[in-house]
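In our numbering, the protein residues as written are 1041 to 1543.
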């Protein structure tokens, strides 16, 4: 079904033969509301005024759409679009969230300091994510001691998401609950409870804040990508193009689908052509080029071109969002690939310093440390990332880093657990299998190692051959030698007894 226009009396007109003529006939004040796609189709063809009413929920359409009230060309609106509680504020061009004051369920007014403190900390920590539009504390706290309707809050504050929760303290125990709600639909997207024993109240407050923030930031990110995937391709804005390209990119990496890989890059480039300051599109370019170069060790005729485009995107991210972590995290990857170890590590640490709740930044730090021969630190930071976001959609990458770190620390049995988790979650990602090869050789299970190598070879035969020939993404001589030895033993190219030095 095509786009429609609808009168208040329920009469619906399709977009068939001459929608412009039909719309012109209806253009009296308040007569009709149209979608953004209809407005674009008839722009310049009708004499009418289109008043932006922001994104709204529409019958029979899963996602809210941006709509316009149509009136005479010289009409002046009698109702401002930003009137709180009536039409509502227009949504920003990035995910927006308000954190309502958590409710004190303890029955003790003296515990208000704890509920307010956790709420304020969550607002502060979410604001570290440059990809989010976060309502300031004073506006959020105007709802304190009230029970507002979440949809009304969304209209009044102009946000898509609302986080609410409660805190109950009894003796030396505390329970914190939180739930993330789509303010346009009222759907619950995430909910969790945290039970803690209070020894150091400030430490507990920090831990709970970190856990909530690290959980909901990826949840919002995933929801935004899913929404963009559901949009019609011919009506995507720069923001939606960027989000769709990110969704394609996540899937392309997990499946090693290089057709989808290029589609993700193409979508990001189109978004940047419309909006050169799109943080999401820049992030997609950096991620896709960085992961591609890591997987193929910077080889190939287009390697330099990919490196330049990816590094330029990371540089632009830093320029546009200098207090954000994403640009520094991916710049660290490109510097590591270029053999600039100290600069890579410095950028990765800066990313985490800017936002210790950014699981992606922690994962990138762990990756750089592993590549640069610091497996102890790599495992520590990968464990921290896994603890912060146990349900992270990229947990298979975190587990691959954990497995690789365990190989170099000679913790092969522990590494096997992480490798199998990574393979189970991403069976089409060659790196999952390669880490399985290394820890299986280290653990003495050559049958499993051989099977894992064959699985990787089926997915990326040329890449695996280069690894067997001694090329490596590891930046230290010891990293190259030990990983290559494990692969060659699994392939039957070295005597199995050579694995003794890996144990």
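Where a beta carbon is used, it is the ideal one built from N, C-alpha and C, also for glycine.
By the three-class DSSP mapping on this structure, what secondary structure does residue i have?
{"i": "residue 1397", "result": "coil"}
{"i": "residue 1468", "result": "coil"}
{"i": "residue 1513", "result": "coil"}
{"i": "residue 1521", "result": "helix"}
{"i": "residue 1120", "result": "Annotation note: pLDDT 34 at residue 1120 (below 50); position unreliable, coordinate value reported separately. Coil, per DSSP."}
{"i": "residue 1225", "result": "coil"}
{"i": "residue 1144", "result": "strand"}
{"i": "residue 1127", "result": "Because the pLDDT of residue 1127 is 44, which lies under 50, any placement of that residue in the model is unreliable, and the question is left without a value."}
{"i": "residue 1491", "result": "helix"}
{"i": "residue 1475", "result": "helix"}
{"i": "residue 1071", "result": "Residue placement at residue 1071 is poorly supported in this model, since its pLDDT is 45, which falls under 50; the coordinates are not used for a value here."}
{"i": "residue 1264", "result": "helix"}
{"i": "residue 1543", "result": "coil"}
{"i": "residue 1149", "result": "helix"}
{"i": "residue 1185", "result": "coil"}
{"i": "residue 1412", "result": "coil"}
{"i": "residue 1342", "result": "coil"}
{"i": "residue 1287", "result": "helix"}
{"i": "residue 1444", "result": "helix"}
{"i": "residue 1537", "result": "helix"}
{"i": "residue 1194", "result": "helix"}
{"i": "residue 1156", "result": "helix"}
{"i": "residue 1531", "result": "coil"}
{"i": "residue 1434", "result": "coil"}
{"i": "residue 1526", "result": "helix"}
{"i": "residue 1449", "result": "coil"}
{"i": "residue 1484", "result": "coil"}
{"i": "residue 1315", "result": "coil"}
{"i": "residue 1041", "result": "Caution is warranted here: a pLDDT of 38 is assigned to residue 1041, below 50, making its placement in the model unreliable, and the coordinate value is therefore given only provisionally. Here residue 1041 sits in coil by DSSP."}
List the whole-angstrom C-beta distance separating residue i from residue j, where the pair is believed to meet the contact cut-off of C-beta under 8 Å.
{"i": "residue 1135", "j": "residue 1201", "result": "7 Å"}
{"i": "residue 1233", "j": "residue 1249", "result": "Not really, about 15 Å apart at Cβ, beyond 8 Å."}
{"i": "residue 1377", "j": "residue 1334", "result": "7 Å"}
{"i": "residue 1132", "j": "residue 1290", "result": "Actually they are not in contact, since the Cβ atoms of residue 1132 and residue 1290 sit about 23 Å apart, beyond 8 Å."}
{"i": "residue 1529", "j": "residue 1479", "result": "13 Å between Cβ atoms; not a contact."}
{"i": "residue 1370", "j": "residue 1352", "result": "In fact, because the Cβ distance is near 11 Å, the residues do not count as touching under 8 Å."}
{"i": "residue 1387", "j": "residue 1402", "result": "Contact doesn't hold; Cβ gap of about 14 Å is too wide."}
{"i": "residue 1204", "j": "residue 1281", "result": "Rounded, the Cβ-Cβ distance is 32 Å, inconsistent with contact."}
{"i": "residue 1256", "j": "residue 1305", "result": "That belief does not hold up - the Cβ atoms of residue 1256 and residue 1305 are roughly 28 Å apart, past 8 Å."}
{"i": "residue 1226", "j": "residue 1174", "result": "Residue 1226 to residue 1174, Cβ: 21 Å. No contact."}
{"i": "residue 1470", "j": "residue 1296", "result": "6 Å"}
{"i": "residue 1137", "j": "residue 1199", "result": "6 Å"}
{"i": "residue 1285", "j": "residue 1321", "result": "7 Å"}
{"i": "residue 1307", "j": "residue 1326", "result": "Not a contact, Cβ separation roughly 14 Å."}
{"i": "residue 1164", "j": "residue 1142", "result": "About 14 Å; that fails the 8 Å criterion."}
If you draw a straight line from the C-alpha of residue i to the C-alpha of residue j, how long is it?
{"i": "residue 1441", "j": "residue 1314", "result": "36 Å"}
{"i": "residue 1519", "j": "residue 1384", "result": "17 Å"}
{"i": "residue 1316", "j": "residue 1155", "result": "41 Å"}
{"i": "residue 1373", "j": "residue 1197", "result": "38 Å"}
{"i": "residue 1423", "j": "residue 1463", "result": "18 Å"}
{"i": "residue 1344", "j": "residue 1472", "result": "26 Å"}
{"i": "residue 1458", "j": "residue 1130", "result": "45 Å"}
{"i": "residue 1408", "j": "residue 1260", "result": "26 Å"}
{"i": "residue 1451", "j": "residue 1277", "result": "49 Å"}
{"i": "residue 1474", "j": "residue 1512", "result": "12 Å"}
{"i": "residue 1421", "j": "residue 1514", "result": "18 Å"}
{"i": "residue 1435", "j": "residue 1178", "result": "36 Å"}
{"i": "residue 1266", "j": "residue 1365", "result": "23 Å"}
{"i": "residue 1477", "j": "residue 1535", "result": "16 Å"}
{"i": "residue 1427", "j": "residue 1523", "result": "27 Å"}
{"i": "residue 1361", "j": "residue 1170", "result": "7 Å"}
{"i": "residue 1413", "j": "residue 1516", "result": "6 Å"}
{"i": "residue 1540", "j": "residue 1356", "result": "47 Å"}
{"i": "residue 1241", "j": "residue 1184", "result": "22 Å"}
{"i": "residue 1501", "j": "residue 1466", "result": "18 Å"}
{"i": "residue 1195", "j": "residue 1162", "result": "21 Å"}
{"i": "residue 1309", "j": "residue 1152", "result": "49 Å"}
Under 7 Å, do residue i and residue j count as touching if we go by C-beta distance?
{"i": "residue 1145", "j": "residue 1187", "result": "no"}
{"i": "residue 1346", "j": "residue 1329", "result": "yes"}
{"i": "residue 1293", "j": "residue 1331", "result": "yes"}
{"i": "residue 1263", "j": "residue 1229", "result": "yes"}
{"i": "residue 1508", "j": "residue 1526", "result": "no"}
{"i": "residue 1396", "j": "residue 1415", "result": "no"}
{"i": "residue 1425", "j": "residue 1399", "result": "yes"}
{"i": "residue 1348", "j": "residue 1368", "result": "no"}
{"i": "residue 1439", "j": "residue 1405", "result": "no"}
{"i": "residue 1504", "j": "residue 1492", "result": "no"}
{"i": "residue 1283", "j": "residue 1157", "result": "no"}
According to DSSP, which residues form a beta bridge with residue i?
{"i": "residue 1233", "result": "1217"}
{"i": "residue 1137", "result": "1174, 1201"}
{"i": "residue 1208", "result": "1215"}
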